[in-house]
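Residue numbers (my numbering): 569 to 1050.
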């Protein structure tokens, strides 16, 4: 029987400082030119890790608590788009970071300084920075110049942010709004490049196969309602300010009329939009002192090692076997792009008040999924990515194993062909004995066992050794047929 989803708040939880996850900021680069034999690498290069199951569960719980008020029939087990109201039964739903995980480290330094945080403690992998969207809306949200953005509807909050932040002023953003609040209101504003697009909103009181259950809204989307979501205002202000800078250029001085004409909007919405840009520019104008950038948190790996049991790595695995994912916890100092809207993204860090440790993204033990690592219950947020590293290790082991199987089978075929060319087709005891000896001499890999159906993920590799009195064995290769 399932239990209500509640974050783990045990007082015994170790006060491990939150850590930035790996930011992969380099563009996609192929492993290298093909080798002389023309073989291409059989593995895709990944540009980031997937969002952990724990984080999705926590974000889904927050989103459900908000949307269930207007849709009482909404299941807690369904992912739902915060804009369209469609569930994963109607369309593909993806989770999106508002502040991108690919945001460059120098920018995160400025955010931590302005937001009154300790160095290296901003966590972007938090439910407060995560939203769920339909695939098409997600793609447009990730387009900084031609997509759409959120604008806070609460002018009082925006006024507090403008008054609180001056150049190099430090202030916790959680002091500028009710941090206990679980939902915040925003309007959707789109760039003119979306003028030929429409957004459909689902009416949950009707069945999804009813044509009138979906209402279309067209650019500039002023007929859309305000949306209440779980994302906190400072994440939205950062994302919106960044997109405005991408559209109008770095250092641009934006007037109310400029924003109104470009986005085709009027009223208080324009003032809130301009406030987002002004506050963002103040944050990006900050110059964190060297003492802050070289604080003791910079050596968090050593601090964390002191808290781990002897002989284990940060992922909870034994160090004896080596760690293929050691680079995950190494900070990337390459400048890289500033980063767009969230995606598959990421590094996500939670903006907790200075000096506090709130285990926001832990999960109750009965909610652990099969692919999750038990370190999710014991470690801090970035340990939630350890199951992904484990999957990558298994993929590499699988690939090495199957390459060995293929090589062994090719040797068997070659030996059989050589034997067939040296002997006539009469089935004598000596021929059979010699032939079997040749096959047995090429022993398969130790993990192979009986070669019938070997499953690699969801693809079955079938190997058949077919033999007649007039033909040598034939090897049916996975690589030849798939």
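The beta-carbon is built from N, C-alpha and C at its ideal position, and this holds for glycine as well.
On the DSSP bridge assignment, give the partners of residue i in chain order.
i, result
"residue 655", "648"
"residue 702", "661"
"residue 783", "769"
"residue 720", "754"
"residue 796", "753"
"residue 821", "DSSP, once it has assigned bridges, lists no residue as partnering residue 821."
"residue 636", "Bridge partners of residue 636: none, in fact."
Have a look at residue i and residue j and give me their C-alpha separation to the nearest angstrom.
i, j, result
"residue 785", "residue 970", "52 Å"
"residue 657", "residue 628", "15 Å"
"residue 802", "residue 973", "54 Å"
"residue 647", "residue 721", "25 Å"
"residue 747", "residue 758", "28 Å"
"residue 713", "residue 735", "26 Å"
"residue 978", "residue 756", "59 Å"
"residue 671", "residue 645", "31 Å"
"residue 768", "residue 679", "35 Å"
"residue 783", "residue 710", "24 Å"
"residue 832", "residue 788", "6 Å"
"residue 781", "residue 818", "43 Å"
"residue 707", "residue 715", "8 Å"
"residue 675", "residue 852", "7 Å"
"residue 654", "residue 771", "9 Å"
"residue 673", "residue 806", "15 Å"
"residue 619", "residue 669", "11 Å"
"residue 981", "residue 968", "20 Å"
"residue 774", "residue 639", "11 Å"
"residue 1038", "residue 663", "Low local confidence applies: a pLDDT of 44 at residue 1038 is under 50, so the model's placement there is unreliable, with the coordinate-based value given in what follows. Cα to Cα, the separation comes out at about 59 Å."
"residue 727", "residue 858", "31 Å"
"residue 946", "residue 632", "In this prediction, residue 946 scores a pLDDT of 33, lower than 50, which makes its location untrustworthy; the coordinate-derived value is nonetheless stated afterwards. If I take the Cα positions, the gap works out to 26 Å."
"residue 820", "residue 850", "13 Å"
Cutting at 7 Å between CB atoms, please list the residues of its own chain near residue i, excluding the five before and the five after it.
i, result
"residue 1026", "With a pLDDT of 41 at residue 1026, under the threshold of 50, the predicted position of this residue should be treated as unreliable, and no value is reported."
"residue 738", "681, 682, 684"
"residue 649", "661, 700, 701, 702, 705"
"residue 745", "725, 801"
"residue 630", "695, 750, 798"
"residue 637", "none"
"residue 861", "677, 687"
"residue 816", "822"
"residue 834", "828"
"residue 804", "666, 718, 720, 754"
In its own chain, which residues sit with a C-beta less than 8 Å from the C-beta of residue i, not counting the 5 before and 5 after it?
i, result
"residue 808", "717, 718, 719, 841, 844, 845, 848"
"residue 791", "785"
"residue 794", "721, 753, 754, 755"
Assuming residue i and residue j are in contact, meaning their beta carbons sit under 8 Å apart, how far apart are those beta carbons, in whole angstroms?
i, j, result
"residue 754", "residue 725", "Actually they do not touch by this definition, with Cβ atoms about 11 Å apart."
"residue 659", "residue 695", "Not really, about 22 Å apart at Cβ, beyond 8 Å."
"residue 635", "residue 625", "That belief does not hold up - the Cβ atoms of residue 635 and residue 625 are roughly 16 Å apart, past 8 Å."
"residue 692", "residue 667", "6 Å"
"residue 830", "residue 760", "7 Å"
"residue 723", "residue 836", "6 Å"
Answer with yes or no whether the minimum CB distance from residue i to chain B is below 7 Å.
i, result
"residue 681", "The chain inventory of the structure shown lacks chain B, comprising one protein chain alone."
Closer than 6 Å by C-beta to residue i: which residues in its own chain qualify, once you throw out the five before and the five after it? Chain order, please.
i, result
"residue 960", "Annotation note: pLDDT 48 at residue 960 (below 50); position unreliable, coordinate value reported separately. So the list is empty, once near-sequence residues are dropped."
"residue 856", "677, 681"
"residue 863", "687"
"residue 838", "824, 827, 828"
"residue 776", "658"
"residue 560", "As displayed, the chain neither begins before 569 nor continues past 1050, which places residue 560 out of reach and without an answer."
"residue 812", "845"
"residue 854", "678, 681, 682, 736"
"residue 651", "705"
"residue 810", "none"
message: Using 8 Å as the cut-off, can you tell me whether the stretch 760-770 makes contact with the stretch 731-748, which would need three or more C-beta pairs spanning the two stretches below that distance?
response: Segment contact: the stretch 760-770 against the stretch 731-748, fewer than three CB-CB distances shorter than 8 Å; contact not assigned.
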